[in-house]
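Note that numbering that gives the first Met the number 0 has the sequence shown beginning at 0, numbered continuously upward.
Read the structure below first, then the notes.
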Amino acid sequence: MASRLILRIQERSARLTSSERKIAQVLLQNQSLVETHTATELAAQAGVSKATTARFFRSLGYADFEEVRLQAREERNRREPYTAFESSPEPASLGRTIADHLDLELRNMTRTFEELRSDILPETAELLESAPRVWFVGFGDEQGLATLGCTLFSRLRHDVHQLQGQGQSWARELSMTGPRDVMVLLTFEPRPKILKSLLAHARTTRMRVITITDHVYAPQAARYSQVVLPCHVASYGMLPTHATMLSIIRLLAVAYLGRNPETVGQRISTLTGIDEELDLFE
């Protein structure tokens, strides 16, 4: 089971310096070292300075090494009485068991929703309700989630659109944007250069921006967004996880439905009637 320390390391892996990666590698191989070694011993084992070690833990959000050690001990004390014996090994994927992957996704979900402010959903649903048009935007892997978000919200309200591609054909769509329109931006790294131009256009046309992103990028997103919904996205390296982002999109749909049950019901009935008229489904 991955500890909170390991999750934080995985979340920041792309932003670590070469020296910090040495410490990270040592801890990823044996996370119990924070309980059995001092900061000086850990630095020596990683082949870096003690100052680099202190800076590494501060970058992960800890006040000092002692806070890391206390957290590790608390997690061990909670875990050990319930350790279960596994009679047979589980199938592994990317060097991890199915249980490891499930545990990591559940931790991402739990941390994301535990940190979600209670007032943010009504605020976001109100923005979506009052918007003349809603625009979903995602780049790279997030483009598929933008398509899903657009499809989902198109069932709930009118004038829902998606900006696709890298900007070559956006002029026609962007010419329709205006004040109080809402852009739902889905963004993880790497972020394309076109994003800066798109946000500048949104600011000029007085669009309002809802950003769903990783929690590390959240402070920067807050500079241009009316609402930021941070997601914990720790993964085992090569393949990013989008489970929390997908769940947040659905949560927004549920919040919107909760504010507009009658109008949403009427729209779904209308769409169902058209589907039946066209004889699209068996």
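In this text, a Cβ means the ideal position worked out from N, Cα and C, and glycines have one as well.
Since the model is a prediction, treat every value here as computed from it, not as a measurement.
### Task
State the DSSP-derived secondary structure class of Pro286, mapped to helix, strand or coil.
Residue 286 is absent from the structure shown; the chain starts at 0 and stops at 281.
### Message
Using a Cβ-Cβ cutoff of less than 8 Å, which residues in the same chain neighbour Ile273 once the five nearest sequence positions on both sides are dropped?
### Response
none
### Query
From Phe152 to Ala220, what distance separates their C-alpha atoms?
23 Å
### Task
Could you say which of Thr203, Ser58, Gly60 and Val208 lies nearest to Leu137 if we only look at CA atoms?
The sequence shown places Gly at residue 137, not Leu. It is Val208.
### Task
With distances taken Cα to Cα, identify the nearest neighbour of Leu185 among Pro178, Leu198, Leu15 and Arg179.
Leu198
### Query
Do you know how far the Cα of Arg190 is from the Cα of Thr212?
11 Å
### Query
Taking Cβ to Cβ, would you say Thr243 is nearer than 7 Å to His231?
yes
### Message
Restricting to runs no shorter than 3 residues, where is the beta strand (DSSP E) found entirely within the stretch 176-222?
### Response
181-186 and 207-213
### Beta-carbon contacts of Thr123 that lie in its chain and below 8 Å, excluding the five residues immediately before and after
Ile209, Val226, Leu228, Leu251 and Ala254
### Task
From the DSSP output, read off the bridge partner residues of Leu162.
Val136
### Where Leu302 sits in the DSSP three-state scheme
Nothing can be reported for residue 302: it is not among the residues displayed for the chain, which extend from 0 to 281.
### Task
Ignore the nearest five residues each way along the sequence and tell me which others in Thr51's own chain have a CB closer than 6 Å to its CB.
Ser18
### Query
Distance, Cα to Cα, Ala53 vs Leu41?
11 Å
### C-alpha distance - Glu10 paired with Gly177, whole-angstrom precision
36 Å
### Query
Taking the C-alpha atoms as reference points, what is the distance between Ile22 and Phe55?
8 Å
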